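For what it's worth, the working numbering labels the leading residue of the sequence shown as 169, then goes sequentially. Okay, structure first, notes after.
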Amino acid sequence: MKGVKVDQLNGDYQITNDLPKPIPEPNQLLVKPIFGAVNPVDELMRNSGILITSWPWTPCCDVAGVVVEIGSGVTKFKVGDQVFGCQGVGFPGSGGAAEYCLFREDITFKKPDRISSAEAATIGVGNQTAALGLWGGLNIAIPDPQNLPPISDEWVLVLGGGGSVGGYAVQLSKLSGYKVITSVSARSVGAAVAYGADETVDYKTSADEQIAKIKEITKGKLHRIIDTTAFNASFVKQVLEAIKDDAGEKYFASVNDWEDFGPLPGDVKFYPISVGTLGRPESKELNEALSKYVAAVQVLIDVGKVKPGEYTLIDGTGFESFIEAVKVQSGGSAKKVVAHLQEE
Numbered sequence: 169m170k171g172v173k174v175d176q177l178n179g180d181y182q183i184t185n186d187l188p189k190p191i192p193e194p195n196q197l198l199v200k201p202i203f204g205a206v207n208p209v210d211e212l213m214r215n216s217g218i219l220i221t222s223w224p225w226t227p228c229c230d231v232a233g234v235v236v237e238i239g240s241g242v243t244k245f246k247v248g249d250q251v252f253g254c255q256g257v258g259f260p261g262s263g264g265a266a267e268y269c270l271f272r273e274d275i276t277f278k279k280p281d282r283i284s285s286a287e288a289a290t291i292g293v294g295n296q297t298a299a300l301g302l303w304g305g306l307n308i309a310i311p312d313p314q315n316l317p318p319i320s321d322e323w324v325l326v327l328g329g330g331g332s333v334g335g336y337a338v339q340l341s342k343l344s345g346y347k348v349i350t351s352v353s354a355r356s357v358g359a360a361v362a363y364g365a366d367e368t369v370d371y372k373t374s375a376d377e378q379i380a381k382i383k384e385i386t387k388g389k390l391h392r393i394i395d396t397t398a399f400n401a402s403f404v405k406q407v408l409e410a411i412k413d414d415a416g417e418k419y420f421a422s423v424n425d426w427e428d429f430g431p432l433p434g435d436v437k438f439y440p441i442s443v444g445t446l447g448r449p450e451s452k453e454l455n456e457a458l459s460k461y462v463a464a465v466q467v468l469i470d471v472g473k474v475k476p477g478e479y480t481l482i483d484g485t486g487f488e489s490f491i492e493a494v495k496v497q498s499g500g501s502a503k504k505v506v507a508h509l510q511e512e
């Protein structure tokens, strides 16, 4: 089948016609990708080989498409359903920049009519990462989508609230009953507020200024911090030092799951957000957790409580557009970059 491949470490993205067509297992769907979004992990994998089980490798883990075949054990979906999500990275059949790819039934979203397929392609990685960090790492209960909790006086600090993961972390924190303060650049304040942030701090100001503002706003009610950027280890330690004497257990989750943070000030429970092996059969615990989160978020998306972020759509249709999307994303796009891979 046709698609994009990389033959070796640091290799070029190439258009090819010789990719093997995946065959769905009993719990899988065979999906025709229509739109795909670029994630930083695509270039990370190409340049480092991390998470890639074999070469050649096909990129694109955020996909929206149409079910064309179902495994023998699938009960929730049928041929013709429009679906989306992140199904894993680095293993055969996981790459969405191809004529067909595999989805797992238990971590697949069904696209509601209220969002477009291009919008749907932007949700998977960011949303699943945020859900894992908040509900899995910060001791925040999964909200009942039909009976959302009232907003309490407790705060969540989201570092990087203007980005994809950060934007969903803001949304899910609010829907879980928390006030949100987030660090953003000046150009991302509007986006963070649109996601539901109650307060913002400019991460380009000094650490002392940010911490003073955070303490003034949260008034001893900050016990949960999520770093969605992976570049805030030093700052988080300073924040934790400043709030270590505040009463209550404290939780910190970070997408930086490779760095040794060492001792953290206060009685802090640290949770590394590790989504790299999702979708793989051996990642049973991770897949089971994400299946619960996907079920809750599905309802929230269906009723319009969780909204897609802003994105840039590359001109044209074809697998070449994904390669162009990688270039645009690598050039520093502030928005998610989406490619129209093929016609439905």
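Beta carbons: idealized from backbone N, C-alpha and C, even for Gly. Being a predicted model, the structure only gives us computed values, none of them experimental.
{"query": "Use the C-beta contact count for E287: other C-beta atoms within 10 angstroms, 16 or more gives buried, fewer gives exposed.", "result": "buried"}
{"query": "Looking at C-beta atoms only, is the number of pairs between the region 313-332 and the region 343-363 that lie closer than 8 angstroms three or more?", "result": "yes"}
{"query": "Ignore the nearest five residues each way along the sequence and tell me which others in V247's own chain have a CB closer than 8 angstroms to its CB.", "result": "V235, V236, E237 and I238"}
{"query": "Just curious, the beta strand (DSSP E) that Y479 is in, first and last residue?", "result": "Y479 to T485"}
{"query": "What residues match up with F438 in a beta bridge as DSSP calls it?", "result": "F420"}
{"query": "Out of K189, G301, P227 and D366, state which residue places its alpha-carbon closest to the alpha-carbon of C254.", "result": "P227"}
{"query": "Would V361 pass as a contact of Y346 if the rule is Cβ separation under 7 angstroms?", "result": "no"}
{"query": "Can you give me the C-alpha to C-alpha distance between L446 and K389, rounded to a whole angstrom?", "result": "33 angstroms"}
{"query": "Got a sec, what are the start and stop residues for the alpha helix (DSSP H) E453 sits in?", "result": "K452 to D470"}
{"query": "In the DSSP assignment, what are the bridge partners of P201?", "result": "G233"}
{"query": "D376 lies in the alpha helix (DSSP H); which residues open and close that run?", "result": "A375 to T386"}
{"query": "Mind the definition here: the region 427-440 touches the region 456-469 only if three or more C-beta pairs lie below 8 angstroms; say whether that holds.", "result": "no"}
{"query": "Excluding sequence positions up to five away, which residues of its chain have a Cβ less than 6 angstroms from the Cβ of G334?", "result": "V326, G328 and T396"}
{"query": "Since I275 is in the alpha helix (DSSP H), which residue starts that stretch and which ends it?", "result": "Here I275 belongs to no alpha helix (DSSP H), and DSSP marks it neither H nor E."}
{"query": "Any idea which residues DSSP pairs A266 with across the strands?", "result": "G171"}
{"query": "Let's see if you can read the secondary structure: which residues bound the alpha helix (DSSP H) around V209?", "result": "P208 to S216"}
{"query": "Cα separation between I291 and A375?", "result": "31 angstroms"}
{"query": "Quick check on the burial criterion: 16 or more other C-beta atoms within 10 angstroms. Buried or exposed for P201?", "result": "buried"}
{"query": "For the alpha helix (DSSP H) that L408 lies in, which residues bound it at each end?", "result": "A401 to I411"}
{"query": "For the beta strand (DSSP E) holding I394, just list the boundary residues, first then last.", "result": "L390 to D395"}
{"query": "With a cut-off of 8 angstroms on the beta carbons, I'd call E511 and T480 a contact; round off their distance for me.", "result": "So it is not a contact: roughly 20 angstroms between Cβ atoms."}
{"query": "Bridge partners of L325, per DSSP?", "result": "I349 and I393"}
{"query": "What is the rounded straight-line gap between the Cα of G434 and the Cα of C269?", "result": "46 angstroms"}
{"query": "Quick check on the DSSP output: the beta strand (DSSP E) that includes Q250 runs from which residue to which?", "result": "Q250 to C254"}
{"query": "Count the CB pairs spanning the region 297-305 and the region 488-506 that are closer than 8 angstroms, and state whether there are at least three.", "result": "no"}
{"query": "Express the C-alpha separation of F487 and G217 in angstroms, rounding to a whole number.", "result": "22 angstroms"}
{"query": "So, under 8 angstroms CB-CB, G204 and T184 are touching, yes? Tell me the CB distance rounded to an integer number of Å.", "result": "About 16 angstroms separates the two Cβ atoms, so there is no contact after all."}
{"query": "Mark R282 as exposed unless 16 or more other C-beta atoms lie within 10 angstroms of its C-beta, in which case mark it buried.", "result": "exposed"}
{"query": "Which value, in whole angstroms, describes the spacing of the CA atoms of W223 and P188?", "result": "12 angstroms"}
{"query": "Please report how far the alpha carbon of P317 lies from the alpha carbon of I394, in whole angstroms.", "result": "20 angstroms"}
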